[in-house]
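A quick write-up on the structure given underneath.
Numbering (full-length UniProt numbering), first residue to last: 1 to 61.
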C-alpha cells in the first residue's frame with residue numbers, strides 16, 4: 001500500500017488545466033498577428049513595396 005502511494009506521488013499528473021490557457025494565449029497571439037497584417041495591408045508604403053517585389057519577380061520570369 002505504501003509502495004503504491006509513493007509511486008502515485010512520484011508519477012507526473014496530467015496538465016488538463018493548461019490546455020485552456022494555451023488555447024487562450026494562442027488565440028490572442030493569432031488575432032494580434034492578424035490585426036498587424038490588416039494594419040500593414042492598409043498602409044500605402046506596404047502596398048507599394050509588395051507591388052515592387054512582385055514586379056521584380058515577374059520581370060525575371
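Ideal Cβ placement from N, Cα and C applies to all residues, glycine included.
Straight-line measurement puts the Cα of residue 53 at about 10 Å from the Cα of residue 59.
Here the alpha carbons of residue 35 and residue 26 stand approximately 14 Å from one another. The Cβ atoms of residue 37 and residue 46 lie no closer than 7 Å to each other. Linking residue 29 to residue 43 through their CA atoms gives a straight-line distance of about 22 Å. The straight-line gap separating the alpha-carbon atoms of residue 49 and residue 32 is approximately 22 Å.
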